[in-house]
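Numbering of the sequence shown is given in my numbering, commencing with residue 16 and proceeding in unit increments. Glycine included, each C-beta is placed from N, C-alpha and C at the ideal position. Structure record follows, encoded as structure tokens.
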Amino acid sequence: MKLDRGWVLGVWIGTALAGAPGVVAGDNKALLKLLQTRECPNCRLADADLVHADLRDADLQGARLQRANLGQARLDGADLSGADLSFTSLRGASLRGANLEGARLYGTDLRDADLAGARLGANALEEAHWQGAKTITTEARSHAALHNAGVDAALAGRWPQAEELFNEAIARQPDEALSWVARGISRSEQAKDELAARDFRYAGALFQQAGNPAIAEQLQKAAVAVQKRRTERTDQPSGNGWGGQILSGMAGAAQVLAPLAMKALIPLGLGL
Numbered sequence: 016m017k018l019d020r021g022w023v024l025g026v027w028i029g030t031a032l033a034g035a036p037g038v039v040a041g042d043n044k045a046l047l048k049l050l051q052t053r054e055c056p057n058c059r060l061a062d063a064d065l066v067h068a069d070l071r072d073a074d075l076q077g078a079r080l081q082r083a084n085l086g087q088a089r090l091d092g093a094d095l096s097g098a099d100l101s102f103t104s105l106r107g108a109s110l111r112g113a114n115l116e117g118a119r120l121y122g123t124d125l126r127d128a129d130l131a132g133a134r135l136g137a138n139a140l141e142e143a144h145w146q147g148a149k150t151i152t153t154e155a156r157s158h159a160a161l162h163n164a165g166v167d168a169a170l171a172g173r174w175p176q177a178e179e180l181f182n183e184a185i186a187r188q189p190d191e192a193l194s195w196v197a198r199g200i201s202r203s204e205q206a207k208d209e210l211a212a213r214d215f216r217y218a219g220a221l222f223q224q225a226g227n228p229a230i231a232e233q234l235q236k237a238a239v240a241v242q243k244r245r246t247e248r249t250d251q252p253s254g255n256g257w258g259g260q261i262l263s264g265m266a267g268a269a270q271v272l273a274p275l276a277m278k279a280l281i282p283l284g285l286g287l
């Protein structure tokens, strides 16, 4: 039996409407319009269920999509400029070439989304979940967001990924000493001793310039300790999550500094 495409679309729309309890009766027309024409600027679509929806090139400028479920949706080329996407799920969605300039992304789930060519403002992802998203421009992530993502990777034992994120954080803000310490710890956990020692030395120099000579001295000692590790036998267990192989050479202030560097610079409360 050959299915009528209009009937199939009607069934799909009916299911979507039934699964969108936050969309009041007056807004069902807006959802229907979006699904049929892909044009719905300034629409009220909070809590709408649009999983797997095909919304390529859709006009959603200024749309209110708070808490909507757009997981796995196809939004390539869509105009979401100025839209409110607070706590909206875009997990696994395709947003290639989409316009997200001025969009509110507070608590937005962009994990595993494809953002190739997407237009995002500077630091746009500061308060969003974006781990695992593809092809994000560095400009869209602030220094704090990059550092915090590095912390998340480090706490999960993903040291190479943590190192790369701290690399990007340092590129964004080269004078933040804690990011240098954190990268040094990440490198130490991968037995990149010479590179780790360089990071600790540079972090020490930054603390010295900032008027913290005690911490600077301890970081210089840590640099020496990590370089000696290859030639001096130690009974200390490795991999305790804070650069365990170097902590035996870090005393006083530096012992406290290592875990501090592995804490989020800005607590966002987003479970990142």
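F215 has its alpha-carbon roughly 14 angstroms from the corresponding atom of P189. G112 and G136 do not touch by the CB rule: their CB atoms are close to 16 angstroms apart, not below 8 angstroms.
Looking only at A212, L161, D69, the smallest Cα-Cα distance to R187 is reached by L161. Looking at the DSSP output, E209 bridges to nothing. Where Q81 is concerned, there is no enclosing alpha helix (DSSP H), because DSSP gives it neither an H nor an E. Non-local C-beta neighbours of Y217 in its own chain, meaning closer than 7 angstroms and more than five positions away in sequence, comprise W195, ordered along the chain.
Assigned with DSSP and collapsed to three states, R59 falls in strand. Within 10 angstroms of the beta-carbon of T103 lie 16 or more other beta-carbons, which makes it buried. Counting along the chain, no alpha helix (DSSP H) covers W145, and no H or E run does either.
In the three-state DSSP reduction, E178 falls in the helix class (H, G or I). Rounded to the nearest angstrom, the gap between the Cα atoms of D62 and Q51 is 19 angstroms. Listed in chain order, the non-local C-beta contacts of A171 below 8 angstroms within the same chain number zero, local neighbours out to five positions each way being set aside.
Counted as a single uninterrupted DSSP element, the alpha helix (DSSP H) harbouring P228 occupies residues 228-243. Close CB contacts of A73 within its chain, under the 6 angstroms cut and outside five residues either way in sequence, are with R53, A93 (chain order). Assignment of beta-bridge partners to R119 by DSSP yields D99. Bounds of any alpha helix (DSSP H) do not take in R134, whose DSSP letter is neither H nor E. Per DSSP, reduced to three states, the secondary structure at D72 is coil, with no helix or strand assignment. V66 has its alpha-carbon roughly 20 angstroms from the corresponding atom of N57. DSSP places H158 inside the alpha helix (DSSP H), whose first and last residues are 158-170.
The three-state reading of DSSP puts D124 in strand, counting E and B together. The closest CA to that of E183, considering only R173, A164, I200, is found on A164.
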